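**Student:** Input: one structure, supplied below.
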Amino acid sequence: MRLSAELGVLIVGGSGQLGRALGETAPPNARLVTPGRSELDLTRADTIDAGIRANRPGVVVNAAAYTAVERAESEPELAHAVNAAGAAALAAAAHRAGARFIHVSTDFVFDGASGRPYRPDAAAAPLGVYGASKLVGERGVTASTGGQALIVRTAWLYGAHRANFVQTMLRRMREGPVRVVADQVGTPTWARSLAEALWSAVARPTVRGVHHWTDAGVATWYDFAVAIQEEALALGLLEREETIVPIRTDEYPSRVHRPPYAVLDTRDTREALDRSPAHWRVNLRRMLAEAARD
144 MRLSAELGVL
154 IVGGSGQLGR
164 ALGETAPPNA
174 RLVTPGRSEL
184 DLTRADTIDA
194 GIRANRPGVV
204 VNAAAYTAVE
214 RAESEPELAH
224 AVNAAGAAAL
234 AAAAHRAGAR
244 FIHVSTDFVF
254 DGASGRPYRP
264 DAAAAPLGVY
274 GASKLVGERG
284 VTASTGGQAL
294 IVRTAWLYGA
304 HRANFVQTML
314 RRMREGPVRV
324 VADQVGTPTW
334 ARSLAEALWS
344 AVARPTVRGV
354 HHWTDAGVAT
364 WYDFAVAIQE
374 EALALGLLER
384 EETIVPIRTD
394 EYPSRVHRPP
404 YAVLDTRDTR
414 EALDRSPAHW
424 RVNLRRMLAE
434 AARD
């Protein structure tokens, strides 16, 4: 994909899982700026304004977030400072500078009680601090930009870099049997798949409002773990098969209530971006194949 003209794109959270994927998939005529926290800190409004003014981007992508779901329950102020106040301040600074704003959010804004894929306009009802902070952030972003921002919710994000479910499973499977929750349903999504969708959105400046993007298909965490082991064994990333024990959510110690059904309806986004996601298992295989080559 190539943008119609050279475009300055500032990515907040450029060293994170999604930020790195955005850098790896950037169109050749995108001029990327990825300031570190010392230059642009979402908990410090002065650095936000200074960072936007110094770089004068055409597009700002907020790929940064406080994502420690468990720890957020004991650090609500920090979660809201980054995910809510920080996101709104960044959106406001981008809007003042005339830059388009793209913000990444989460399936955790829903309670998972629906039993059917959530459309972007479905009623939100977060179950914990993390989801609540992201929902407040969405609303702040919308208000700060007069509804001109693009908000993209995703789910079960993973990649080759940083801590995530895939990396955790590979490590634990090398150590012995694992127990994995089998009654929560969602869609594993490769960070690169989301990054490529976001670049498609960058190339379509009229796309705004709330959208959903995940890979195709659904799975439980147990299904996901089984697939990780099967693909990793085939690629030589694991040396032996380990037992994977399916368990109920109430058997897994956690301070957080997670959505039991976190499938997002991506139909509108697929039409708006004129692209279709691969099935989650296909993208899992691609990611692990790349890891095996490294």
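Our numbering numbers the first residue of the sequence shown as 144 and each following residue consecutively. Glycine is no exception: its CB is placed at the ideal position from the N, C-alpha and C atoms. Please read all numbers here as calculations on a predicted model, not as lab measurements.
If we call anything under 9 Å between Cβ atoms a contact, is residue 205 one with residue 284?
**Tutor:** Against a cut-off of 9 Å, the Cβ pair of residue 284 and residue 205 comes out as a contact.
**Student:** Alpha carbon to alpha carbon, how far is residue 371 from residue 242?
**Tutor:** Answer to the nearest angstrom: the Cα atoms are 40 Å apart.
**Student:** If you draw a straight line from the C-alpha of residue 403 to the C-alpha of residue 213, how long is it?
**Tutor:** In a straight line, the C-alpha of residue 403 is about 16 Å away from that of residue 213.
**Student:** How should residue 281 be labelled, buried or exposed, when 16 other C-beta atoms within 10 angstroms of its C-beta is the threshold for buried?
**Tutor:** Counting Cβ neighbours within 10 Å, residue 281 comes out buried, since at least 16 surround it.
**Student:** Can you check which of these residues, 190, 407, 395 and 264, is closest to residue 229 by C-alpha distance?
**Tutor:** Among 190, 407, 395 and 264, the Cα nearest to that of residue 229 is on 190.
**Student:** Could you tell me which of 268, 195, 304 and 426 sits nearest to residue 453, measuring between CA atoms?
**Tutor:** No information on residue 453 is available, as it lies outside the stretch 144 to 437 that the chain covers here.
**Student:** Could you check if residue 388 is buried or exposed, using at least 16 other CB atoms within 10 Å of its CB as the buried criterion?
**Tutor:** Looking at its Cβ environment, which holds fewer than 16 other Cβ atoms inside 10 Å, residue 388 is exposed.
**Student:** Taking the C-alpha atoms as reference points, what is the distance between residue 380 and residue 366?
**Tutor:** Cα-Cα distance, rounded: 18 Å.
**Student:** Using CA coordinates, which residue listed in 393, 345 and 223 is at the minimum distance from residue 202?
**Tutor:** The option with the nearest alpha carbon to residue 202 is 345.
**Student:** Between which two residues does the beta strand (DSSP E) holding residue 278 run?
**Tutor:** Counting along the chain, residue 278 falls outside any beta strand (DSSP E), though it belongs to the alpha helix (DSSP H) covering 272-287.
**Student:** Could you pull out every residue in the same chain whose Cβ sits closer than 6 Å to the Cβ of residue 334, ignoring the five residues on either side in sequence?
**Tutor:** Excluding residues within five positions, the ones whose Cβ falls inside 6 Å are 160, 161, 164, 300 and 302.
**Student:** For residue 391, which residues from the same chain have a beta carbon less than 6 Å from its beta carbon, with the 5 sequence-adjacent residues on both sides left out?
**Tutor:** The answer, listed in chain order, is 326.
**Student:** Considering only C-alpha positions, which residue in the set 417, 234, 223 and 239 is nearest to residue 274?
**Tutor:** Selected option, being the one with the closest Cα: 223.
**Student:** How far does the beta strand (DSSP E) with residue 151 in it reach, from first residue to last?
**Tutor:** First-last of the beta strand (DSSP E) with residue 151: 150-155.
**Student:** Check this for me: beta carbons of residue 378 and residue 293, under 9 Å apart or not?
**Tutor:** It is not a contact, given that the beta carbons lie outside the stated cut-off.
**Student:** Within 10 angstroms of the Cβ of residue 355, are there 16 or more other Cβ atoms? Answer buried if so, exposed if not.
**Tutor:** Buried, since its Cβ has 16 or more Cβ neighbours within 10 Å.
**Student:** Is any non-hydrogen atom of the ligand FAD found closer than 8 Å to the C-beta of residue 418, if you look at the structure I gave you?
**Tutor:** The ligand FAD is not part of this structure, which contains no ligands at all.
**Student:** Under 6 Å Cβ to Cβ from residue 157, same chain only, skipping five residues before and after it: list those, please.
**Tutor:** Same-chain partners within the cutoff: 177.
**Student:** Which complete beta strand (DSSP E) runs does the stretch 345-388 hold, if anything under 3 residues is left out?
**Tutor:** Runs of the beta strand (DSSP E) inside the stretch 345-388: 352-355.
**Student:** Quick check on residue 412: buried or exposed, where buried means 16 or more other Cβ atoms within 10 Å of its Cβ?
**Tutor:** Buried: at least 16 other Cβ atoms inside 10 Å.
**Student:** Where does residue 172 land, buried or exposed, given buried means 16+ other C-beta within 10 angstroms?
**Tutor:** Residue 172 comes out exposed.
**Student:** Using C-beta distances below 7 Å, list every residue in its chain close to residue 322, excluding the 5 sequence neighbours before and after it, in chain order.
**Tutor:** Closer than 7 Å at the Cβ level, and outside the excluded window around residue 322, lie 388 and 390.
**Student:** Can you say whether residue 200 is buried or exposed, counting buried as having 16 or more other CB atoms within 10 angstroms of its CB?
**Tutor:** Burial call: buried.
**Student:** State the CB to CB distance for the pair residue 359 and residue 331, rounded to an integer number of angstroms; the pair is presumed to be in contact (CB under 8 Å).
**Tutor:** That pair is no contact at about 10 Å.
**Student:** Between the beta-carbon of residue 407 and the beta-carbon of residue 343, is there less than 9 Å?
**Tutor:** No, these two residues do not count as a Cβ contact at 9 Å.
**Student:** Please report how far the alpha carbon of residue 369 lies from the alpha carbon of residue 357, in whole angstroms.
**Tutor:** Distance between the alpha carbons of residue 369 and residue 357: 20 Å.
**Student:** For residue 420, count the other beta carbons within 10 Å of its own beta carbon; 16 or more makes it buried, fewer makes it exposed. Which is it?
**Tutor:** So residue 420 counts as buried.
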